[in-house]
Amino acid sequence: MRVCKNMIWRFCQETDGSNILQCLKQNKNSEWMDPKCKRMIINRQLTQNTDYRLNPVLRRACRADIPKFCQSILNQAAVDVELEGQVISCLKLKYADQHLSPDCEDQIRVILQESALDYRLDPQLQIHCSEEISRLCPEEAAAQEQSGQVTECLKINILKIKLEGCKMEVFNMLKVSKADVFVDPVLHTACALDIKHHCAAMPPGLGRQMSCLMEALQDRRIHLQPECKKKLQDHIDMWSYAAKMSPQFQEFPIMEERGGPQVSRMLVIASVSLLLFTVCCTLMYVKQKQTKPSKYDILY
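Here the sequence shown is numbered in full-length UniProt numbering, starting from 1 and rising by one per residue.
Here's what the structure looks like:
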């Protein structure tokens, strides 16, 4: 940590000693972050993502989830052998299915966001896709500042990927982005304004905000930002291809809480129509009661 001494003083003065690395991770992308310290943080993150046992915060947050969902990986692993990110990859898929406990979900969301920005933080992606990255995305991989360009390149070139292991890793990334737009930094950046304007009422997760964006895309009365519109269309094409090629890749589930601009308007229209129908029925009933003669009127 000596190389980060000044950064610890700048960002983490009031942080407990056991949480210094966590604090530095959170400030890694600050414009005030020292490049040497940032490289050290990335190296530590890569080490932790390679084996969850080296990440005490994640291990504590996911202590119930790991044996519940990833026991088969643990059974095959030797105590003194690195897991090469297999457990974290397992938890990522459970994140997409919304099966994780809240604390574990929070930790995996951060890992997903970080690895989507910097592919080097995803050990399984590096193992299965290093050859394809060199072939399809050499310029993106060579960039000094990683901001999601490599993972986006792999998604865009999914039809050109030859290695099945790499293709499955990209399918998994697409599956996660369907569940939570926040873990797809390129798409989220392109659609941030539209999410704020059209989908602010939709809580993250379960594909709710993504569903809202898709409904807005299909609604001619809503004009999305051009870049957001383009990225959404690109992702629709990717998801369609993934659904055809991978049986594990499912379409959006029909959700009880699903909503969006179009659905909200339909609910309002239905509510108003029901109200008007009730009022009309009440008025007709009152009028009929007033005009109907009583038995005394008939006698006289």
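Heads up, the beta-carbon is just placed ideally off N, CA and C, and yes, glycines get one too.
query                                                                                                                                                                         : result
Quick one: Cα of E145 to Cα of F69, how far?                                                                                                                                  : 34 Å
Enumerate in chain order the residues of its own chain whose CB-to-CB distance from residue 301 is below 6 Å, with the five nearest sequence positions on each side excluded. : There is simply no residue 301 to check, as the chain begins at 1 and stops at 300 in what is shown.
Return yes when the Cβ of K175 is within less than 7 Å of the Cβ of R96, no when it is not.                                                                                   : Here residue 96 turns out to be Ala, not Arg, going by the sequence shown. In contact: A96 and K175 (Cβ atoms closer than 7 Å).
Specify, as a first and last residue, the run of the alpha helix (DSSP H) that K25 falls within.                                                                              : 20 to 26
Give the secondary structure of P226 by DSSP, where H, G and I count as helix, E and B as strand, and everything else as coil.                                                : helix
Taking Cβ positions, are Q48 and L54 nearer each other than 7 Å?                                                                                                              : yes
Measuring alpha carbon to alpha carbon, tell me which of A179, E164, L112, D180 ends up nearest T151.                                                                         : L112
I think A61 touches C104, with their Cβ atoms under 8 Å apart; what is that distance to the nearest whole Å?                                                                  : 5 Å
Determine whether the beta carbon atoms of P123 and E84 lie at a separation below 7 Å.                                                                                        : yes
Rounding to the nearest angstrom, what Cα-Cα distance links T189 and L74 in this structure?                                                                                   : 36 Å
Tell me, to the nearest whole angstrom, how far the beta carbon of K178 is from that of M210; I am working on the premise that it is less than 8 Å.                           : 6 Å
On the CB-based measure, 16 or more other CB atoms within 10 Å of its CB, does H235 come out buried or exposed?                                                               : buried
Please indicate yes or no: does the CB of I127 lie closer than 6 Å to some heavy atom of the ligand NAP?                                                                      : Among the components of this structure there are no ligands whatsoever, and the ligand NAP is therefore not found.
By the DSSP assignment, the alpha helix (DSSP H) with C37 in it spans what residues?                                                                                          : 35 to 50
By a C-beta neighbour count over all protein chains shown, 10 Å radius and 16 as the cutoff for buried, is H223 buried or exposed?                                            : exposed
Once you ignore the five residues that flank S88 on each side, which residues in its own chain have a CB closer than 7 Å to its CB?                                           : The residue asked about is misnamed: residue 88 is Ile in this sequence, not Ser. So the list reads N49, Y52, I111, once near-sequence residues are dropped.
Between which two residues does the alpha helix (DSSP H) harbouring S211 extend?                                                                                              : 208 to 218
Can you grab the Cα-Cα spacing for the pair I195 / S147, in whole Å?                                                                                                          : 20 Å
Could you pull the start and end residues of the alpha helix (DSSP H) that N55 belongs to?                                                                                    : It is not in any alpha helix (DSSP H) - N55 carries neither H nor E in the DSSP assignment.
Could you tell me if G17 is buried or exposed, where buried requires 16 or more neighbouring beta carbons within 10 angstroms of its beta carbon?                             : exposed
Let's see if you can read the secondary structure: which residues bound the alpha helix (DSSP H) around Y95?                                                                  : 86 to 96
Check the C-beta distance from F11 over to N29 and give it rounded, since I have them as a contact under 8 Å.                                                                 : Not quite, the Cβ-Cβ distance comes to about 12 Å (not below 8 Å), so this is no contact.
Could you tell me the alpha carbon to alpha carbon distance between A192 and K244, rounded to whole angstroms?                                                                : 29 Å
Is it buried or exposed for V3, if we count other Cβ within 10 angstroms and need 16 for buried?                                                                              : exposed
With DSSP as the reference, label T189 as helix, strand or coil.                                                                                                              : helix
Take the Cβ of L121 as the centre, count every other Cβ of all protein chains shown within 10 Å, and call the residue buried at 16 or more, exposed below.                    : buried
So the alpha helix (DSSP H) H128 belongs to, where does it begin and stop?                                                                                                    : 123 to 136
Taking the CB atoms as reference points, tell me whether F171 and S72 lie closer together than 7 Å.                                                                           : no
Given that a residue counts as buried once 16 or more other Cβ atoms are within 10 Å of its Cβ, and exposed if not, what is S115?                                             : buried
Let's see if you can read the secondary structure: which residues bound the alpha helix (DSSP H) around M7?                                                                   : 5 to 11
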